[in-house]
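> One structure is given below, represented as structure tokens, and several questions about it will come after.
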Amino acid sequence: MSGPELDSSVPLIAVAKTVRTRGLRGELVADLLTDFPERFDGLEQVIAVGPNGERLPLELENHWFQEKRIILKFAGYDSIDQAKQLIGFEVTVPEDDCVELEEDEFFDWELEGCLVKTMDGTEVGRVQEVMRTGGVALLVIKGADDREVLVPLAEDICVEIDIAAQHIRIDPPEGLLEM
């Protein structure tokens with residue numbers, strides 16, 4: 018893989034993050050960052066993004082799942098020392114290659130940066146991240162006063178999500194925004 022994907026202006030989607038080596042043959046243990054682990058089947062090329070933002074094209078030679086993690090083997094990385102060079106890298110694919118979602122489903126990265134307002138138009142803040150705890154997704158919203166508000170990503174609370182306009186309208190239960 019070379020060319021446009023290595024251009025820093027091309028948006029990428031992180032699907033895993035390498036955390037340590039495994040074995041003697043250059044294998045890496047990675048945390049899954051995708052809700053679609055099956056996307057690794059048939060995936061041959063990825064872009065590793067280092068902590069400093071460098072992009073490195075890699076050929077995925079093999080992969081398998083171990084508990085809630087994935088083991089990755091990249092072509093040309095055949096020893097522990099070679100694999101160590103990739104620890105802390107995000108394994109990404111171009112945004113254009115992301116999994117198709119249903120109409121009312123969204124990727125976490127699509128929600129980040131959205132402006133959140135209540136039904137009456139009161140600005141709550143912008144989504145900083147989506148936090149997942151025990152099967153519940155929470156929008157972490159940072160208000161103008163730098164206060165963080167946690168809002169469940171539930172249909173009865175997040176009543177309108179417009180990704181194109183970067184806008185979320187919420188109908189919070191009484192007291193939610195004061196927590």
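Residues in the sequence shown are numbered consecutively from 18, following the working numbering. Note that CB positions come from ideal geometry on N, CA and C, so glycine has one too.
(1) Could you tell me the alpha carbon to alpha carbon distance between aspartate 179 and lysine 90, rounded to whole angstroms?
(2) Of the residues Ile30, Ala33, Glu129, which one's Cα is nearest the Cα of glutamine 183?
(3) For my contact list, glutamine 62 and proline 74 are in at a C-beta cut-off of 8 Å; report their separation, rounded to the angstrom.
(4) With C-beta atoms as the reference, is leucine 29 less than 8 Å away from valine 153?
(5) Jot down the residue ranges of each uninterrupted beta strand (DSSP E) in the segment 97-122, minimum 3 residues, whole runs only, in chain order.
(6) Determine the contact status of arginine 39 and isoleucine 87, defining contact as a CB-CB distance below 8 Å.
(7) Restricting to runs no shorter than 3 residues, where is the beta strand (DSSP E) found entirely within the segment 41-82?
From the atom records:
(1) 39 Å
(2) Glu129
(3) 7 Å
(4) no
(5) 107-111
(6) no
(7) 44-49, 62-66
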